[in-house]
Amino acid sequence: MPREIITLQFGQCGNQIGMEFWKQLCMEHGISHTGTLEEYATEGTDRKDVFFYQADDDHYIPRAVLLDLEPRVIQGIINSPYSKLYNTENIFMSKHGGGAGNNWASGYDQGDRLYEDILEIIDREAENSDSLEGFTLCHSIAGGTGSGVGSFILERLNDRYPKKLTQTYSVFPMIDNDQVSDVVV
Numbered sequence: 001m002p003r004e005i006i007t008l009q010f011g012q013c014g015n016q017i018g019m020e021f022w023k024q025l026c027m028e029h030g031i032s033h034t035g036t037l038e039e040y041a042t043e044g045t046d047r048k049d050v051f052f053y054q055a056d057d058d059h060y061i062p063r064a065v066l067l068d069l070e071p072r073v074i075q076g077i078i079n080s081p082y083s084k085l086y087n088t089e090n091i092f093m094s095k096h097g098g099g100a101g102n103n104w105a106s107g108y109d110q111g112d113r114l115y116e117d118i119l120e121i122i123d124r125e126a127e128n129s130d131s132l133e134g135f136t137l138c139h140s141i142a143g144g145t146g147s148g149v150g151s152f153i154l155e156r157l158n159d160r161y162p163k164k165l166t167q168t169y170s171v172f173p174m175i176d177n178d179q180v181s182d183v184v185v
């Protein structure tokens, strides 16, 4: 029996990586951008249920939580051809929309203030799983939301789900001799 994995997409980078991840998984599993199964993919045992669940109308929905403190990237996802793929109850955008100002400490502090709302979404997704394996976090260690909120929520996930696996895809800022990232961490 496969065990489910919940993908957490935090910040601009995490949501951009997450969007490409879901496009690829949809293509590999024969799921259209609206979540319906393509005719050629109706047979087989490719274990879609690890990353997706089926809604009552039989379309597939990613086991994903999208979070950003600044709405631009998530609005882009919501306005994309893949907008019908996601569960809108699993999308969290700050009501203030100001972001974390590319500052880890600001993101961490906002994570502390918002974590109950965020964990409510994660808990609901976990409760809807038959046998949760763990979590995958896509985020950047630069900026504020992916790094700061991501750090705070990772700590809380470890407290709340101590026996579940957690894997991170952490993107580092580009630094070379000719160009240095202007992001303050």
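Reading the sequence shown from the start, the letters are residues 1 to 185 in full-length UniProt numbering. Here a beta-carbon is modelled for each residue, glycine too, at the ideal position from N, C-alpha and C.
Spatial neighbours of residue i within its chain, please: C-beta separation below 7 Å, excluding the five flanking residues on both sides.
i	result
Gln54	Tyr60
Arg156	Tyr115 and Leu119
Trp104	Gly144, Ser147, Gly148 and Val185
Gln24	none
Spatial neighbours of residue i within its chain, please: C-beta separation below 8 Å, excluding the five flanking residues on both sides.
i	result
Gly18	Thr7, Gln9, Ala64, Leu66 and Cys138
Ser106	Ala100, Gly144 and Gly148
Lys164	Leu132, Glu133, Gly134, Phe135 and Leu157
First and last residue of the alpha helix (DSSP H) that includes residue i?
i	result
Tyr115	Trp104 to Glu127
Phe52	Looking at the DSSP string, Phe52 is not in any alpha helix (DSSP H); the run it does join, the beta strand (DSSP E), is Phe52 to Gln54.
Asp57	No alpha helix (DSSP H) contains Asp57, which DSSP labels as neither H nor E.
Give me the DSSP bridge partner(s) of residue i.
i	result
Ala64	Thr7
Phe135	Ile6 and Thr166
What does the Cβ neighbour count give for residue i, buried or exposed, with the cut at 16 atoms within 10 Å?
i	result
Asp56	exposed
Pro162	exposed
Could you give the first and the last residue of the continuous beta strand (DSSP E) run that contains residue i?
i	result
Ile91	Ile91 to Met93
Is it the case that the Cβ atoms of residue i and residue j are separated by a distance below 8 Å?
i	j	result
Leu85	Trp22	yes
Ile78	Asn15	no
Thr136	Ile5	yes
Gly13	Ser151	Reading off the sequence shown, one finds Cys at residue 13, where the question assumed Gly. No, the Cβ-Cβ distance between Cys13 and Ser151 is not below 8 Å.
Sorted by chain position, which residues of the same chain lie with C-beta nearer than 6 Å to residue i's C-beta, five sequence neighbours on each side aside?
i	result
Arg47	Pro2
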